[in-house]
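J.: Residue numbers (the numbering used here): 22 to 176. Cβ atoms here follow ideal geometry from the backbone N, Cα and C, with glycine treated the same way. Note that the coordinates shown come from a computational prediction; the quantities given were computed from them, not determined experimentally.
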Amino acid sequence: MRIRWTIAPLLLVYLWTQATVGMASGTGSDSLRIFQAVDEQGARQSLTAIGEALAHGDTKGLQRYFSGKVFLTLPTGENGYYSGEQSFFILRNFLSVHMPFAFEFTTTNVSSESVYGVGALKYTKRGQRGTAQVFVSLAASDRGWRINQITIAQR
22 MRIRWTIAPL
32 LLVYLWTQAT
42 VGMASGTGSD
52 SLRIFQAVDE
62 QGARQSLTAI
72 GEALAHGDTK
82 GLQRYFSGKV
92 FLTLPTGENG
102 YYSGEQSFFI
112 LRNFLSVHMP
122 FAFEFTTTNV
132 SSESVYGVGA
142 LKYTKRGQRG
152 TAQVFVSLAA
162 SDRGWRINQI
172 TIAQR
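(1) Under three-state DSSP, which class holds T129?
(2) Give the list of continuous alpha helix (DSSP H) stretches no shorter than 4 residues that lie fully inside the segment 80 to 136.
(3) Does DSSP classify G165 as helix, strand or coil?
(4) How should R164 be labelled, buried or exposed, when 16 other C-beta atoms within 10 angstroms of its C-beta is the threshold for buried?
(5) Which residue wins for smallest C-alpha separation from A184, given the options E73, K146 and S133?
(6) Quick check on this structure: which residue in T128, E106 and E99 has the alpha carbon closest to the alpha carbon of R65?
Shown next as structure tokens:
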């Protein structure tokens with residue numbers, strides 16, 4: 022079943038309402054499971070899109086998923102909380118020097134406690150190939166799943 026993105030937030034609110042009402046009356050376990058499944062599907066879709074953006078060095082694609090504040094740690098010395106706009110420019114600069122040619126999440130976790138992915142970013146820098154480990158953490162927001170942390174470490 023394919024749900025249009027414009028309808029998905031409304032569906033989540035509806036399912037959350039049904040689960041909350043059902044839990045109060047003791048009958049909400051099925052509704053809660055449906056809500057969690059839809060919520061996990063959204064998280065997985067976000068991780069997939071983020072992975073594709075990283076593979077192509079598409080900082081505009083990443084920017085769509087930035088939360089209000091993003092904690093960045095990069096091997097070039099950037100370390101701290103940055104606004105979504107600042108994060109865009111910092112990552113754009115980093116990825117223009119470390120030009121990605123492949124990225125794949127090797128580990129992902131999608132649970133009610135945390136959503137994150139860890140993977141290997143393969144890049145070229147001044148004609149030399151390199152690999153960096155990338156950690157991306159997501160948090161739920163009223164606009165869907167948003168990146169709240171990106172850590173990139175040289176291997």
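T.: For this structure:
(1) Along the sequence shown, one-based indexing puts residue 129 at 108. Correct three-state label for T129: strand.
(2) If you keep only unbroken alpha helix (DSSP H) runs of at least 4 residues inside the segment 80 to 136, you get 80 to 84 and 105 to 118.
(3) For the purposes of this step, residue 165 is taken as residue 144 along the sequence shown, with counting starting at 1. In this structure, G165 counts as strand in the three-state DSSP scheme.
(4) Counted from its first residue, the sequence shown places residue 164 at position 143. Burial is judged here by how many other beta carbons sit within 10 angstroms of a residue's own beta carbon; R164 has fewer than 16 and is exposed.
(5) Here the chain covers residues 22 to 176 and nothing more, so residue 184 does not appear.
(6) What you label residue 65 is simply residue 44 of the sequence shown in a count that begins at 1. For R65, the nearest C-alpha among the options comes from T128.
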